[in-house]
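**Q** Can you read through this structure? Questions will come right after.
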Amino acid sequence: AQVKQAGKPNDLIDRLKSDPAFSRVDFKATLNPKNYIGRAPQQVDEFIKDIVAPIRRKYRRELGRRVELNV
Numbered sequence: 057a058q059v060k061q062a063g064k065p066n067d068l069i070d071r072l073k074s075d076p077a078f079s080r081v082d083f084k085a086t087l088n089p090k091n092y093i094g095r096a097p098q099q100v101d102e103f104i105k106d107i108v109a110p111i112r113r114k115y116r117r118e119l120g121r122r123v124e125l126n127v
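For the sequence shown, the positions run 57 to 127 when the numbering used here is used.
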């Protein structure tokens, strides 16, 4: 309520860390975003290799070309 209603910073993690009920929780590991992204890094690499790179090769002569666009 303090965050939404009073615009205060979210201190939930600090409060949980100070709560004895959560003393065994490894917050650093639990809050590491890498634990929640799955295969996203590999999927991005595959997309660039399989989709983007061939398009860039096909249009390599056009890359870096100056274009004026009037709308």
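The C-beta atom is built at its ideal place from N, Cα and C for all residues, glycine as well.
Over what stretch of residues does the alpha helix (DSSP H) that includes Arg112 continue unbroken?
**A** First-last of the alpha helix (DSSP H) with Arg112: Ala109 to Lys114.
**Q** Have a look at Pro110 and Ala96 and give me their C-alpha separation to the nearest angstrom.
**A** Approximately 21 Å, taken between the alpha carbons.
**Q** What are the boundary residues of the alpha helix (DSSP H) that includes Phe103?
**A** It spans Ala96 to Phe103 - the alpha helix (DSSP H) in which Phe103 sits, taken as one unbroken run.
**Q** Tell me the DSSP secondary structure of Pro65 in three-state form.
**A** Pro65: coil per DSSP, three-state reduction.
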